[in-house]
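Going down the list, the sequences are from chains A and B.
Its first residue numbered 0, the first sequence is counted upward by one per residue in numbering that gives the first Met the number 0.
Its first residue numbered 0, the second sequence is counted upward by one per residue in numbering that gives the first Met the number 0.
Glycine included, C-beta positions come from ideal geometry on N, C-alpha and C.
Some notes on the structure that comes next.
Protein chains: 2
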Amino acid sequence: MTRDRVVEVALELLDSEGPAGLTMRALGAKLGVAPTAIYWHVGDKAALLEAVVDHITADVGEVHVGGVEPLERICSTARSLRHNLLERPYLVAVVHHQGRTAEIFRPARLVLAREFAASGLEERDAALAGEAVLHHVIGSVLIEQQVARAPEQRQPPEPSIEPGELFEFTLDALVRALTGC
Amino acid sequence: MTRDRVVEVALELLDSEGPAGLTMRALGAKLGVAPTAIYWHVGDKAALLEAVVDHITADVGEVHVGGVEPLERICSTARSLRHNLLERPYLVAVVHHQGRTAEIFRPARLVLAREFAASGLEERDAALAGEAVLHHVIGSVLIEQQVARAPEQRQPPEPSIEPGELFEFTLDALVRALTGC
DNA sequence: ACCTGAACACCGTTCAAGT
DNA sequence: ACCTGAACACCGTTCAAGT
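Right, here's the structure in full:
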């Protein structure tokens, strides 16, 4: 029983049971310990969620930047970020609930601003362009996840648009527009 | 005490106290009635939330489309949608929790696809372009709201980028890229 | 038809008490 | 230092009982 172990098991519980399943009692049971023992190691549930999101933030921050020219590096950063966000099903909801959505984008934000600057934009425009790409990524992921677990949606959003294809199509148009190619 | 009255007061409670404050007990108290009376009119809390989101969906769906040429109509639709989404602070979170994010975009989606088609794109490309604009709107709103109520964010996302300005900048670039102007 | 009250199973949390 | 158990205030929900 260490703080790291508690957070680790909390993440497992989150992945398997969802946010509603992550209760102090269930977590205690999975740790083989009384629920109240958690309070000694990590504090209350707010502190636990902070720690969980700390871990998630670190994971999401590890964006893989490939390619050599700025345009390709921008696109690969966006793809990597999207991939990281789609990995954990409840990631966006939990991070949003903690009010830390802006925070998890920091590493990608820095890369994007740098690469847009390298593509010829001046500092402020590069920052704006980077933010635009982030908006596109989070918007895509949010809607993709929602469409996936929609209730009995009367009809699919559009006749057979595959999410990945849609993402690539739009990313390409957006980045070309922002860099002025 | 009618079903509509219950939903109406539930929306008030949601706006004033947030999602955590919307409890059957608090709702009963505000209605001057026992919490269990709600069950007779609207069913359980899941049914209540469905009804609340029904109402929100109708509100968000009322997008104002201005201008005459397609490009201006697309931008004004996006602005109107953004405005509607920003109006209620907990809208995005509640709708997302109900798994109905894709649904609230339906009216705007139809308008956007139609206008992109009018601008010269063929049907499928018009649908893709419309979806891209929706991604941009939801992404912008999500991050804007999060930055607004971030905890003790160490530093603001970027040196003084006003959200509205950022939205306009990116929307313009995106739409011009998609329509090929 | 409409509402109340008691009751139940579940939360998060505190705190004295154990080792 | 680390954990347990009982207890408390809060949830959503059911259901018999009232009018």
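query                                                                                                                                                                                                       : result
With distances taken Cα to Cα, identify the nearest neighbour of V59(A) among L85(A), P69(A), H40(A) and L47(A).                                                                                            : L85(A)
For the segment 115-125 of chain B against the segment 68-86 of chain B, do three or more pairs of beta-carbon atoms, one drawn from each stretch, fall closer than 8 Å, so that the two count as touching? : yes
DSSP on L170(B), reduced to helix/strand/coil?                                                                                                                                                              : helix
Counting beta carbon pairs with one atom in the segment 14-33 of chain B and one in the segment 142-149 of chain A, are three or more of them shorter than 8 Å?                                             : no
Counting along the chain, where does the alpha helix (DSSP H) carrying L127(A) start and finish?                                                                                                            : E122 to A147
Is the beta carbon of V110(B) closer than 8 Å to that of T76(B)?                                                                                                                                            : yes
Of all Cβ atoms in chain A, is any one closer than 8 Å to the Cβ of E121(B)?                                                                                                                                : no
What does T100(B) reach in chain A if we use C-beta pairs closer than 7 Å?                                                                                                                                  : L141, I142 and Q145
Does DSSP classify H54(A) as helix, strand or coil?                                                                                                                                                         : helix
So which residues of chain B does A131(A) contact, with C-beta pairs closer than 8 Å?                                                                                                                       : H135, L165, F168, T169, A172 and L173
When you compare each of P18(B), G42(B), G20(B) and G17(B) to T1(B) by their alpha carbons, which one comes out closest?                                                                                    : G42(B)
Taking Cβ to Cβ, would you say V52(A) is nearer than 8 Å to Q97(A)?                                                                                                                                         : yes
Report yes or no: is there a C-beta of chain B within less than 8 Å of the C-beta of L90(A)?                                                                                                                : no
Rounded to the nearest angstrom, what separates A101(A) and L173(B) at their Cα positions?                                                                                                                  : 21 Å
Where does H95(B) sit, in a helix, a strand or coil, going by DSSP?                                                                                                                                         : helix
For H135(A), I'd like the list of residues in its chain whose CB is within less than 6 Å of its CB, leaving aside the five on either flank, ordered along the chain.                                        : L173
Restricting to Cα atoms, I'd like to know which of A92(B), S139(B), L127(B) and F168(B) is closest to E161(A).                                                                                              : L127(B)
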